Amino acid sequence: MGDFKKKSICLDAEFTIDGGKEEAACVDLDGEWSESSKVFRHSSFDNPDIEFVSGEVGEGGDHMNITLKNLSTVQIVIPGDKTVAYLSEDPNEKYPGTADIVKPVDNVSSESTQKDASQSLSEKDLKLPSDQINGINSDDAIEATVDN
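Heads up: the sequence shown begins at -1 in this note's numbering, then just goes up one per residue.
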C-alpha cells in the first residue's frame, strides 16, 4: 500500500447548466496528478437533478474535466465553492460511501433475519420522515441487514 493523493474538488467558478443539458467543466489542479486517477461524484454533492456523467484527469495531469447533466427542465446554477467531485490516485479506490448502501434481503424469514443479522439499524439510522414514523413506539422493531 502506498500513499496516494486524494482531494475533494470544487468547480472554482459558478457553473450553469440549462434544463436537460449536459455540460463539461475544466478544473485546474494543484500540482501534477496521475492521468489514471479515479474521479467520483462527491458524497456531499446531493442535488438529485444533477447527474455526474464522468470525470477524468486531463493530459499532463494539471487539470480535470467533469461532465454533469441537468436532469430537470429548469436551469441550475452550481456555486463555484460547492464540492462536486472526489479525486484519488489510488487505483483500487472504491466509490466513497459504498459500504453504507443497504442491500435488500430476499427470501429470509423475519425469525432468521433477527438471529443472523450482522447489523441492525435504528429509526434514526433509517432517517424516516416524521410523518412516516407516527404510530411507531419503542416496542416496535425496525431492522435491516447489511451484506458486507
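A virtual CB, placed ideally from N, CA and C, is assigned to each residue, including glycine. Just so you know, these numbers come straight off a predicted model, no measurement behind them.
| query | result |
| --- | --- |
| Burial state of Lys36, where buried means 16 or more other Cβ atoms lie within 10 Å | buried |
| In DSSP terms, what Ala22 is bridged to | Thr65 |
| Classification of Ser86 by the beta-carbon crowding that lies within 10 angstroms, buried from 16 upward | buried |
| Exposure label - Ile7; buried when at least 16 CB within 10 Å | buried |
| For Ala83, the first and last residue of its enclosing beta strand (DSSP E) | 81 to 86 |
| Cut-off 6 Å between Cβ atoms - residues of its own chain near Glu49, not counting five sequence neighbours on either side | Lys67, Leu69 |
| is_contact[Val75, chain D] using C-beta, thresh 8 Å | The displayed structure is made up of one protein chain only, and chain D is not part of it. |
| Where Val51 falls: helix, strand or coil (DSSP) | strand |
| Euclidean distance between Cα positions of Asp1 and Ile15 | 36 Å |
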